[in-house]
Amino acid sequence: NAFDVLGFTSEEKNSMYKLTGAIMHFGNMKFKLKQREEQAEPDGTE
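In terms of the UniProt record's numbering, the sequence shown opens at residue 1 and continues consecutively.
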């Protein structure tokens, strides 16, 4: 495992996996605009 070769601890590896998963999750989210509002809201996708 490349992380082991580079000397990452188990805690550091878990943190990187969580961060990568969160980034991938955000890539799957869709948003919809509401009329007359300046912000978007989630489109009910999970």
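Glycine is no exception: its CB is placed at the ideal position from the N, C-alpha and C atoms.
Computed from a predicted structure; not experimentally measured.
Since residue i and residue j should fall inside the 8 Å C-beta cutoff, what is the C-beta to C-beta distance between them, to a whole number of angstroms?
i, j, result
"Asp43", "Lys32", "5 Å"
Do you know offhand how far residue i's Cα is from residue j's?
i, j, result
"Leu19", "Asp4", "18 Å"
"Phe8", "Met29", "30 Å"
"Met24", "Arg36", "30 Å"
"Ser10", "Gly21", "17 Å"
"Phe26", "Glu38", "20 Å"
"residue 78", "Lys13", "In the structure displayed, the chain extends from 1 to 46; residue 78 sits before or after that span and is not available."
How far does the alpha helix (DSSP H) with residue i in it reach, from first residue to last?
i, result
"Phe26", "10-27"
"Asp4", "2-6"
Kindly indicate the opening and closing residues of the beta strand (DSSP E) around residue i.
i, result
"Lys32", "31-33"
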